[in-house]
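> One line per chain: the protein sequences are A and B, in this order.
Oh and the first sequence: position 412 is 456 in the numbering used here, straight run, nothing missing.
Oh and the second sequence: position 111 is 821 in the numbering used here, straight run, nothing missing.
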Amino acid sequence: MSWIRWKALVPLVLVLLLVVGATILFLDPAVRRGIEAGGTAAVGAKVDLARAHVGILDGHVTLAGLQVTDPSAPMTNLVEADALVFDVGILPALSGKVVIDTVAARGIRFGTPRRTSGAIPQPSDPAPEEPSAVRKVIDEWMAQVKVPPLSLETLTQTVNVDAISAESLATLRAARAVASFADSARDRFTAGYRALDPRPTIDSAEALATRLRSANLRTLGLAGARQAATDVRRTIRDLDALDDKLKAFERSTRADADSIKGRVEAVGRARATDYAYAKSLLRLPSFEIPAIGPQLFSPIIAEKVGEVMYWVNMAERYVPPGMKRSMEQGPARVRASGTTVRFPVEKVYPDFLARLAELSLAIGGEGAAAGEYQARIVGLTTQPAVYGAPTRFLVSRAEGKVGPRDARITGSLDHRGTPRDSLTATLTGFPLPTMPLAGLGGAVALGDGTSALVVARDGDRLGGRWLWRSTAVRWQRDSAAAPRATTPAMRLVEEALWRAMTRIEAVEIEARFSGSVTRPELAVRTNIADAVANALKAQLGEEVRRAEQQVRARVDALVDQKAREARAKADEVRQQAEQRLAEERAKLEAQKAALEARLRDLVRIPGIG
Amino acid sequence: MLILKFLQTLIKALNSDGTPGQVGMGMALGLCLGLSPLMSLHNLVVLAIAFLTTVSIPGFMLGWAIAVPLGFALDPVFDRVGMALLMNDGLAPAFTWVVNTPVVAWSRLNNSIVVGSLAVWLAALLPAFLVFRYLVAKYRAHVFARLERLKVFQAIKASKLYQMYEMFRP
Numbered sequence: 045m046s047w048i049r050w051k052a053l054v055p056l057v058l059v060l061l062l063v064v065g066a067t068i069l070f071l072d073p074a075v076r077r078g079i080e081a082g083g084t085a086a087v088g089a090k091v092d093l094a095r096a097h098v099g100i101l102d103g104h105v106t107l108a109g110l111q112v113t114d115p116s117a118p119m120t121n122l123v124e125a126d127a128l129v130f131d132v133g134i135l136p137a138l139s140g141k142v143v144i145d146t147v148a149a150r151g152i153r154f155g156t157p158r159r160t161s162g163a164i165p166q167p168s169d170p171a172p173e174e175p176s177a178v179r180k181v182i183d184e185w186m187a188q189v190k191v192p193p194l195s196l197e198t199l200t201q202t203v204n205v206d207a208i209s210a211e212s213l214a215t216l217r218a219a220r221a222v223a224s225f226a227d228s229a230r231d232r233f234t235a236g237y238r239a240l241d242p243r244p245t246i247d248s249a250e251a252l253a254t255r256l257r258s259a260n261l262r263t264l265g266l267a268g269a270r271q272a273a274t275d276v277r278r279t280i281r282d283l284d285a286l287d288d289k290l291k292a293f294e295r296s297t298r299a300d301a302d303s304i305k306g307r308v309e310a311v312g313r314a315r316a317t318d319y320a321y322a323k324s325l326l327r328l329p330s331f332e333i334p335a336i337g338p339q340l341f342s343p344i345i346a347e348k349v350g351e352v353m354y355w356v357n358m359a360e361r362y363v364p365p366g367m368k369r370s371m372e373q374g375p376a377r378v379r380a381s382g383t384t385v386r387f388p389v390e391k392v393y394p395d396f397l398a399r400l401a402e403l404s405l406a407i408g409g410e411g412a413a414a415g416e417y418q419a420r421i422v423g424l425t426t427q428p429a430v431y432g433a434p435t436r437f438l439v440s441r442a443e444g445k446v447g448p449r450d451a452r453i454t455g456s457l458d459h460r461g462t463p464r465d466s467l468t469a470t471l472t473g474f475p476l477p478t479m480p481l482a483g484l485g486g487a488v489a490l491g492d493g494t495s496a497l498v499v500a501r502d503g504d505r506l507g508g509r510w511l512w513r514s515t516a517v518r519w520q521r522d523s524a525a526a527p528r529a530t531t532p533a534m535r536l537v538e539e540a541l542w543r544a545m546t547r548i549e550a551v552e553i554e555a556r557f558s559g560s561v562t563r564p565e566l567a568v569r570t571n572i573a574d575a576v577a578n579a580l581k582a583q584l585g586e587e588v589r590r591a592e593q594q595v596r597a598r599v600d601a602l603v604d605q606k607a608r609e610a611r612a613k614a615d616e617v618r619q620q621a622e623q624r625l626a627e628e629r630a631k632l633e634a635q636k637a638a639l640e641a642r643l644r645d646l647v648r649i650p651g652i653g
Numbered sequence: 711m712l713i714l715k716f717l718q719t720l721i722k723a724l725n726s727d728g729t730p731g732q733v734g735m736g737m738a739l740g741l742c743l744g745l746s747p748l749m750s751l752h753n754l755v756v757l758a759i760a761f762l763t764t765v766s767i768p769g770f771m772l773g774w775a776i777a778v779p780l781g782f783a784l785d786p787v788f789d790r791v792g793m794a795l796l797m798n799d800g801l802a803p804a805f806t807w808v809v810n811t812p813v814v815a816w817s818r819l820n821n822s823i824v825v826g827s828l829a830v831w832l833a834a835l836l837p838a839f840l841v842f843r844y845l846v847a848k849y850r851a852h853v854f855a856r857l858e859r860l861k862v863f864q865a866i867k868a869s870k871l872y873q874m875y876e877m878f879r880p
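(1) Measure from the alpha carbon of Ala758/B to the alpha carbon of each residue in Leu739/B, Leu819/B and Gly781/B, then state which is nearest.
(2) Please classify Asn753/B as buried or exposed, where buried requires at least 16 neighbouring CB atoms within 10 angstroms.
(3) Buried or exposed, going by whether 16 or more other CB atoms sit within 10 Å of the CB of Leu58/A?
(4) Just confirm the distance between the C-beta atoms of Ala777/B and Leu745/B, as a whole number of angstroms; I'd bet it's less than 8 Å.
(5) Which residue comes first and which comes last in the alpha helix (DSSP H) that contains Pro837/B?
(6) Shorter than 7 Å, the distance from the beta carbon of Glu554/A to the closest heavy atom of the ligand NAP, or not?
(7) Step through the CB atoms of chain A and report whether any lies within less than 8 Å of the CB of Met793/B.
(8) Can you look up Val143/A in the DSSP assignment and give me helix, strand or coil?
(9) Within the 8 Å Cβ cut-off, does Arg386/A reach chain B?
(10) Thr764/B and Trp355/A: beta carbons closer than 8 Å?
(11) Thinking just about the alpha-carbon of each residue, which of Gln271/A, Pro73/A, Leu60/A and Ser381/A is nearest to the one in Val825/B?
(12) Taking all protein chains shown into account, do 16 or more other C-beta atoms lie within 10 angstroms of the C-beta of Gln732/B, making it buried, or fewer, making it exposed?
(13) Against Gly781/B, what residues of chain A qualify as contacts under a CB-to-CB distance less than 9 Å, listed in chain order?
(14) On the three-state DSSP scale, how would you describe Tyr319/A?
(15) Enumerate in chain order the residues of its own chain whose CB-to-CB distance from Ala607/A is below 7 Å, with the five nearest sequence positions on each side excluded.
(16) Does DSSP classify Leu56/A as helix, strand or coil?
(17) Looking at Arg629/A and Leu240/A, is the spacing between their C-beta atoms short of 8 Å?
(18) Using a Cβ-Cβ cut-off of 7 Å (strictly less than) and excluding sequence neighbours within five positions of Val98/A, which residues of its own chain qualify?
(19) Identify, in the order they occur along the chain, each residue of the same chain with its Cβ nearer than 7 Å to the Cβ of Val791/B, setting aside the five sequence neighbours on each side.
(20) Should Trp807/B and Gly140/A be called a contact, given that it needs their Cβ atoms to be closer than 8 Å?
(21) Please identify the residue among Arg377/A, Leu471/A, Ala500/A and Ser514/A whose C-alpha is closest to the C-alpha of Val488/A.
(22) In the segment 796 to 819 of chain B, which residues sit with their C-beta less than 7 Å from some C-beta in chain A, listed in chain order?
(23) Near Pro157/A, what residues of its chain come up, given a Cβ to Cβ distance below 8 Å and the 5 sequence neighbours on each side ignored?
(24) Output the boundary residues of the beta strand (DSSP E) element that contains Asp674/A.
(25) If you draw a straight line from the C-alpha of Ile182/A to the C-alpha of Pro343/A, how long is it?
(26) Which bits of chain B does Gly162/A rub up against, with CB to CB less than 7 Å?
(27) Should Ser370/A be flagged as near chain D, meaning a C-beta pair shorter than 8 Å?
(28) Please say whether Leu266/A and Arg642/A have beta carbons closer to each other than 8 Å?
(29) So that I know if they touch, is there some Cβ in chain A lying closer than 8 Å to that of Asn753/B?
(30) Does Leu762/B come within less than 8 Å of chain A when only Cβ atoms are used?
(31) Please decide whether Ile823/B counts as near chain A, where near means a Cβ-Cβ distance under 8 Å.
(32) Applying a beta-carbon distance threshold of less than 7 Å, which residues of chain B neighbour Gly507/A?
(33) For Leu741/B, list the residues DSSP reports as bridge partners.
(34) Mind pulling the beta strand (DSSP E) runs of 3 or more residues that sit fully within the segment 55 to 98 of chain A?
(35) Would you call the segment 125 to 144 of chain A and the segment 389 to 408 of chain A touching, i.e. three or more CB-CB distances under 8 Å?
(36) Residues in its own chain within less than 6 Å of Asp318/A by CB, not counting five upstream and five downstream?
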């Protein structure tokens, strides 16, 4: 019996040919429908593609007439492109990889009108909306940057110093630590002294010195004098050995004493921390200029810098560094998706690579951003270590429609090893955001100005600077909101602050961020802070100083006694140890001197020296 | 309707003229299509083997049908087995070759479910073949004679699907 079913061979080959033929025939419409369906699902509004052509043999992929609807404005396109031409590598495609040698984009425009609505039917009972991925990252980042907004409320209230709890004060913790350390240092000294036990040696030396004090050759005899000299020498050696031990013990005791001293000094420093902590509980405003910038603008700037963090996260996720195995969720299918593991290796094609993309973009309308732009991306890949070169990009404005405006964004993503990313973006003459003034019930509309962003990342460390500069600002007071000032005093303060700020015409706000994504540090510098600080000082200087004094007095009352006790105990332990050691050493020195003098007398006797 | 077709396949597979070995091997091969995600390159290879060799086609279909629910149920197991294989440093060169070699890369063997289910199927292939062959032989010796007298059985045997099956009968 044959193992091969020959009669099935021909039908199978025919089926195979049929599948190949159908694929070639229907590939273009399938690609078009796939892009439309996938794009619509991703954007949440209609994505239309007039034509798609896939050249299987030459690797040319052409997409023509792409329109992506703006989900928030269904009669407007978010982006529209006349033609996108991709030159795709055939050989890498056989390995399931996408290698695009060149991308040429023609006629990309933003915000163009649509002939028909691009809205898609919404479910009648939509599921509760989850926060977007961008929102989640921004919220996480903002949770790390906690700066209380500028608050004037407490100034006109009675300062409630009872809110300061003794247990939360660092001074008390430091004082307890000093007392505890002093106790254990005393125990160590007692045990060490007991182990050293200098008394027998000193007493024995004293007895010998006493015995020889009135002795001479006549009373001792020659043999007795020789024996006495030997005893004196041995005892002096014993005293020297004891002296060495005492010195060593003294050194270790001195180390403990120094440590006690350091801890006592820490109690003093802790008090400064407690003053600041207690002050923060009462939310007294600071007159310090560096502190006012963050208080005024931290919420809005943390939000904006959070957006930068989102893109840093995205770069990390989709452009993983190094040659390590990376994991991602498997493809969506009826069965479980599982996990797909990537095995990068050098000198092969990465999973995705666009060697060169040149795009010409146009933003329509008459707005500030309207105009022609050019973008150039080199070496865009999902496996930079495999590709072996960083991704570089440049976006610049070729021609603006309105006014002298300039835009230039350059940067690179180098994830071949430790991630090193950089971004520099400068927009001049563009509309800047309106910045709410936290705690003051108003905002400053920056108008047209300069925005300069510099971000640099080296491994976990992240540093950057975002500068907004405008010479034509408008101050907007939130008149619709409920009045913030509840007392005449507060109204006075608010009015004074507003008067001071509205005199400012040119504003510069600079946010500097550093640290890591998980432990960020944000500093804000602004010339508005100078005006606010001066106005606050003029209006509230005396009141704030009085409140601060109350806070300090309360902290002092809570910690003074404990700190004094701790200091006293520390001093007592240190003095006791020093005094006892000094006494023992004095006795030792005295006995040694007496014995040495006696030895000098003895060695003068002929036959003994 | 689906249940009827399944019964038809079952009866034809178990009572075909093929030897118990041919039916058993057909069923063991068919397990692969049910256990692993259908759109996998290795399934195309298994399908070609089933059609081009003289294993029992109804047996193959029966094995597939049996394994489909099993495949869904065992996905967590396949995921674990697959991850263990993919994370094994000793196998990394082999997987690196697979994912970077033209055409072979389409097999998606770097996916935990695909490689896990394939590994489980390969491990189960020989035992499954032996068990199925034994069961078919026992069935034919003890149950078939009584079943053949039932009218339902005769009706199914006379259907068009059975005639189509005859084309591929070993």
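Glycine residues also receive a C-beta, built at the ideal position from the N, C-alpha and C atoms.
A quick note: this is a predicted structure, and the numbers were derived from the prediction, not measured.
Working from what's here:
(1) Leu739/B
(2) buried
(3) exposed
(4) 5 Å
(5) Ser822 to His852
(6) The ligand NAP is not part of the structure shown, which contains no ligands of any sort.
(7) yes
(8) strand
(9) yes
(10) no
(11) Ser381/A
(12) buried
(13) Arg379
(14) helix
(15) Thr215, Ala219 and Val311
(16) helix
(17) no
(18) Leu71, Asp72, Val75 and Val105
(19) Gly826, Ala829 and Val830
(20) no
(21) Ser514/A
(22) Leu796, Ala802, Phe805, Thr806, Val809, Asn810, Thr811, Pro812, Val813, Ala815 and Trp816
(23) Met119, Thr120 and Asn121
(24) Chain A is shown from 45 up to 653; residue 674/A falls before or after that span and cannot be answered.
(25) 11 Å
(26) Ordered by position in chain B, no residue passes the 7 Å Cβ test against Gly162/A, which lies about 32 Å from the chain.
(27) The structure shown contains no chain D; the protein chains it does contain are A and B.
(28) no
(29) no
(30) yes
(31) yes
(32) Chain B residues near Gly507/A: none, gap ~35 Å exceeds 7 Å.
(33) Answer is none; Leu741/B lacks a bridge partner.
(34) 91 to 98
(35) yes
(36) Leu213, Ala214, Thr215 and Val599
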